[in-house]
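Single-structure report; data block below.
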Amino acid sequence: TLPTMAARLVRCCCWRHLGSFISSPPAIPASLLVPVGKVMMGRALPQAPLASYHASSLSSQADVFSVKELVEEGRNPEHKAIGELIEAATSPQELLQLTEFPSLNSNQASLIITQLSRLVAEKKLETQSILRDERFQQLLGITDSQISQVWNNALVNLLKSLYSLGMDSSRKEMQSVEQEVLWRLRRLTFRQLASLAEFLAVRQGKESKLLHEVIKKLELRWTELEGTRTVVALMGKVGHISPTLMDRLEDKALELAEQFNPEDIRKVTLALAYQQRRCVPLLRALAYHLLQKPSELSLNVLMDLIFAYGKLNFHQPQVFQKIAADLHPHVPSMTPSEVTRCIRSFALLKWLSLPLMEAIAQYALDNTKQLSITHLCSIILSFARLNFQPSVSEDFYTMVHEELQGQLDTLEPPLLTELVWSLCVLQQAKPPYLQRVLAPDFYARLQGELGIPALRIP
Numbered sequence: 001t002l003p004t005m006a007a008r009l010v011r012c013c014c015w016r017h018l019g020s021f022i023s024s025p026p027a028i029p030a031s032l033l034v035p036v037g038k039v040m041m042g043r044a045l046p047q048a049p050l051a052s053y054h055a056s057s058l059s060s061q062a063d064v065f066s067v068k069e070l071v072e073e074g075r076n077p078e079h080k081a082i083g084e085l086i087e088a089a090t091s092p093q094e095l096l097q098l099t100e101f102p103s104l105n106s107n108q109a110s111l112i113i114t115q116l117s118r119l120v121a122e123k124k125l126e127t128q129s130i131l132r133d134e135r136f137q138q139l140l141g142i143t144d145s146q147i148s149q150v151w152n153n154a155l156v157n158l159l160k161s162l163y164s165l166g167m168d169s170s171r172k173e174m175q176s177v178e179q180e181v182l183w184r185l186r187r188l189t190f191r192q193l194a195s196l197a198e199f200l201a202v203r204q205g206k207e208s209k210l211l212h213e214v215i216k217k218l219e220l221r222w223t224e225l226e227g228t229r230t231v232v233a234l235m236g237k238v239g240h241i242s243p244t245l246m247d248r249l250e251d252k253a254l255e256l257a258e259q260f261n262p263e264d265i266r267k268v269t270l271a272l273a274y275q276q277r278r279c280v281p282l283l284r285a286l287a288y289h290l291l292q293k294p295s296e297l298s299l300n301v302l303m304d305l306i307f308a309y310g311k312l313n314f315h316q317p318q319v320f321q322k323i324a325a326d327l328h329p330h331v332p333s334m335t336p337s338e339v340t341r342c343i344r345s346f347a348l349l350k351w352l353s354l355p356l357m358e359a360i361a362q363y364a365l366d367n368t369k370q371l372s373i374t375h376l377c378s379i380i381l382s383f384a385r386l387n388f389q390p391s392v393s394e395d396f397y398t399m400v401h402e403e404l405q406g407q408l409d410t411l412e413p414p415l416l417t418e419l420v421w422s423l424c425v426l427q428q429a430k431p432p433y434l435q436r437v438l439a440p441d442f443y444a445r446l447q448g449e450l451g452i453p454a455l456r457i458p
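Residue numbering for the sequence shown follows UniProt numbering, starting at 1 and increasing by one per position.
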């Protein structure tokens, strides 16, 4: 049929352009080698007469091709051999030896640098000797001299790899790659922009000029956002930098909530908590779909969820019941830090699960030697906030008083004050505790710690 023939013709034309782009420089039209904003405007590949028939679909397909796929077509036997050697290399030396090939082009040099970065990360190798190696400098020279010929995906990976290797940002080659990425931002796919934003947010933080430009593009093109992985990653790593983008991400997360697995729900909820964004519709949707998951939740998911709910003061009794029920069997094997983090979150929410609190009280009795005085204080403060008296109260409080003996002076005044107040609530305050916090010198210390102005009695 005519549409089928047209599609085949477009695909054929597209691959011919890809082949010509990868072949030697003389085969490439000069207009394609001039970056946007320099001498000539635009470096987009010229389209065949019928290319507009499926222009958008072909563009999206080409954008998501891996570098390997992009350079596969039009590659001569020597190029193919180099590609196989790059993929098979297991050490930096094997990769650096590939500079001996005289026909090495900028895409291949970019691939070698990217592979070098991966090997360094995987094997935890030092990078200074690699950066000083003459062969590495040769690779930089090749990419710098032909930077406009590097494919978009390879260019993004090249930039991330140079950052990962610790290359000096003042180097001409580094600035050349950064500038090229900056010029091409509008031509990158949303996924490439998202990947770059995630990397820069972790590596360089809010001060990165390139990151701010990438975020602007993400804000403008947010309708292209798709896939749970991208949404979750952007919310966790980039959302705190741009409230506007975070608004869009929350809307998209609400739309995709049903597709989130428990780990996704954990990451999204934590992102909201750390950014103090109490988006109730999204939190309710995530809580609802969490309850629909048939499998038992992992300890990390349970701990982070109850922490996030406590930080956001978000109440969902059915979810709390599930979390408490799933946490209960984990208590004996938890660390003291995990136990105190868990109980403090429930106390913050003022939500009492009797079986879970009983298990924690028994944990404190069974692991007294592993509990620091701070851990023990956290448990007491939480029990008081929940007004919980354990069934083993006699043994529990005997242990508490023994552990507190001789330790009160080690506590900071604010914590000691809260501890004694909590013991009063639990009807376990003894005269020595009260005498300690009511002493004038203690009040003076507390006043200094909290910056409380002195009371003036007329």
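Glycine included, C-beta positions come from ideal geometry on N, C-alpha and C.
The ligand SAH heavy atom lying under 7 Å from the CB of residue i
{"i": "LEU349", "result": "Questions concerning the ligand SAH fall outside what the structure shown contains, since it holds no ligand whatsoever."}
Within 8 Å, strictly: CB atoms of residue i and residue j
{"i": "LEU356", "j": "VAL392", "result": "no"}
{"i": "ALA271", "j": "GLY236", "result": "yes"}
{"i": "ILE130", "j": "PHE136", "result": "yes"}
{"i": "LEU98", "j": "ILE113", "result": "no"}
{"i": "GLU173", "j": "ASP144", "result": "yes"}
{"i": "ILE373", "j": "GLN407", "result": "yes"}
{"i": "THR150", "j": "GLU198", "result": "Before going on, a small fix: residue 150 reads as Val here, not Thr. Against a cut-off of 8 Å, the Cβ pair of GLU198 and VAL150 comes out as no contact."}
{"i": "GLN115", "j": "ILE86", "result": "yes"}
{"i": "VAL319", "j": "VAL268", "result": "no"}
{"i": "LEU297", "j": "PRO262", "result": "yes"}
{"i": "LEU218", "j": "ALA194", "result": "yes"}
{"i": "LYS370", "j": "PRO414", "result": "For the record, residue 370 in the displayed sequence is Gln; it is not Lys. No, they are not a contact pair."}
{"i": "VAL420", "j": "LEU434", "result": "yes"}
{"i": "LEU211", "j": "LEU200", "result": "yes"}
{"i": "THR417", "j": "LEU446", "result": "yes"}
{"i": "ILE380", "j": "SER422", "result": "yes"}
{"i": "HIS240", "j": "GLN275", "result": "yes"}
Cβ-based burial, residue i [other Cβ within 10 Å; buried from 16]
{"i": "GLN93", "result": "exposed"}
{"i": "VAL181", "result": "buried"}
{"i": "LEU125", "result": "exposed"}
{"i": "ALA51", "result": "The predicted position of ALA51 is uncertain, since its pLDDT is 33 and thus under 50; no value can be drawn from it."}
{"i": "ARG191", "result": "buried"}
{"i": "SER295", "result": "exposed"}
{"i": "VAL39", "result": "Its pLDDT being 39, under 50, VAL39 is placed unreliably by the model, and the measurement read from it follows with that caveat. Exposed, by the Cβ-count rule."}
{"i": "SER378", "result": "buried"}
{"i": "LYS252", "result": "buried"}
{"i": "LEU188", "result": "buried"}
{"i": "residue 468", "result": "Shown here, the chain extends from 1 to 458; a query on residue 468 therefore has no answer."}
{"i": "PRO390", "result": "buried"}
{"i": "ALA444", "result": "exposed"}
{"i": "PRO25", "result": "Below a pLDDT of 50, predicted positions are generally treated as unreliable, and PRO25, at 39, falls in that range; the measurement from the model is reported next regardless. The residue in question, PRO25, is exposed, as its Cβ has fewer than 16 Cβ neighbours within 10 Å."}
{"i": "ALA88", "result": "exposed"}
{"i": "ARG118", "result": "exposed"}
{"i": "GLN175", "result": "exposed"}
{"i": "GLN427", "result": "exposed"}
{"i": "ASN387", "result": "exposed"}
{"i": "ASP264", "result": "buried"}
{"i": "LYS206", "result": "exposed"}
{"i": "SER169", "result": "exposed"}
Selection from the options that minimises the alpha carbon distance to residue i
{"i": "GLU100", "options": "THR223, LEU139 and THR90", "result": "LEU139"}
{"i": "GLU213", "options": "ALA81, SER242 and HIS289", "result": "SER242"}
{"i": "ALA121", "options": "HIS375, GLN97 and LEU165", "result": "LEU165"}
{"i": "GLU403", "options": "SER298, GLY239 and HIS375", "result": "HIS375"}
{"i": "VAL177", "options": "ARG118, GLN115, VAL202 and ASN107", "result": "ASN107"}
{"i": "GLY448", "options": "GLU418, GLN427 and GLU412", "result": "GLU412"}
{"i": "ARG278", "options": "MET246, ARG171 and GLN362", "result": "MET246"}
{"i": "VAL202", "options": "SER382, LEU234 and TRP222", "result": "LEU234"}
{"i": "PHE260", "options": "TYR274, GLN292, HIS240 and GLN276", "result": "GLN292"}
{"i": "ILE306", "options": "ALA273, LEU282 and ARG385", "result": "ALA273"}
{"i": "LEU249", "options": "ARG184, GLN276, LEU282 and GLU338", "result": "LEU282"}
{"i": "HIS79", "options": "SER91, THR90 and LEU111", "result": "LEU111"}
{"i": "PRO332", "options": "ASN387, THR368 and THR417", "result": "THR368"}
{"i": "LEU185", "options": "LEU254, LYS430, ASN105 and LYS216", "result": "LYS216"}
{"i": "THR223", "options": "SER422, GLU255, ALA359 and ILE380", "result": "GLU255"}
{"i": "LEU196", "options": "GLN321, SER148, TYR163 and ILE147", "result": "TYR163"}
{"i": "residue 462", "options": "LEU423, PRO102, LEU95 and THR90", "result": "Nothing can be reported for residue 462: it is not among the residues displayed for the chain, which extend from 1 to 458."}
{"i": "SER382", "options": "GLY205, GLN316, SER353 and SER161", "result": "SER353"}
{"i": "VAL280", "options": "GLN316, ASP264 and VAL156", "result": "GLN316"}
{"i": "TRP183", "options": "SER208, GLN275 and SER148", "result": "SER148"}
contact_flag[the stretch 298-309, the stretch 338-352] where n(CB pairs < 8 Å) is 3 or more: yes
At least 3 beta-carbon pairs within less than 8 Å: the stretch 383-400 vs the stretch 429-445: no
Meets three-Cβ-pair contact criterion under 8 Å: the stretch 345-355 and the stretch 304-317: yes
Inter-stretch contact (C-beta, 8 Å, three-pair minimum) for the stretch 275-289 and the stretch 323-332: no
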